[in-house]
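My numbering applies: residue 1355 is where the sequence shown begins, and numbers increase by one. In this text, a Cβ means the ideal position worked out from N, Cα and C, and glycines have one as well. Before any comments, here is the structure.
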Amino acid sequence: MALILNVMAYLTTFTGMLVIYSIAQQQALARRWDHNLLKILGAEFPVLKKASAIEFLSISGFAGLLGACIGIATSYIIAKVLFKGIWTAQLVAPLALTAGLIVLCLLTGMAATMKILGSKPELQVES
């Protein structure tokens, strides 16, 4: 039983990483013209990389903290309302998982956008 749960946990994590990768790549493709314009105007690769990293950090940080708050509130409601038991806030695990989520989203998102950020800007003149 424990082996099955571990396999399911790894599959869920892998699936989540694939979803994050595909979303990040799709967003990078959608913003390709913005990145090209910034490159034409003189923005260098480290600046674009830093901007993308800040974007991924802020989105994943907000999502992680919101999820942790909802999880803590749900555990409080279940402990107090359903089981009428004593509840103590355990903040270490949600904060550690949130930090792990932020790092995982940053690495996955940057891996998805590196090819697009590193491409040469395309100049296209329409007549």
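- The C-beta separation of L1460 from L1411 comes to about 6 angstroms, placing the pair in contact by the 8 angstroms criterion.
- Taking K1469 as reference, the option from Y1364, M1371, A1378, T1367 with the minimal CA-CA separation is A1378.
- Every alpha helix (DSSP H) of 4 residues or more that sits fully in the region 1443-1478 is shown, in chain order, as 1446-1472.
- The region 1446-1466 makes contact with the region 1365-1381: 3 or more CB pairs, one atom from each, lie closer than 8 angstroms.
- Judged by their CB atoms, G1418 and I1456 are nearer to each other than the 7 angstroms cut-off.
- E1409 carries a helical assignment under DSSP once its states are collapsed to helix, strand and coil.
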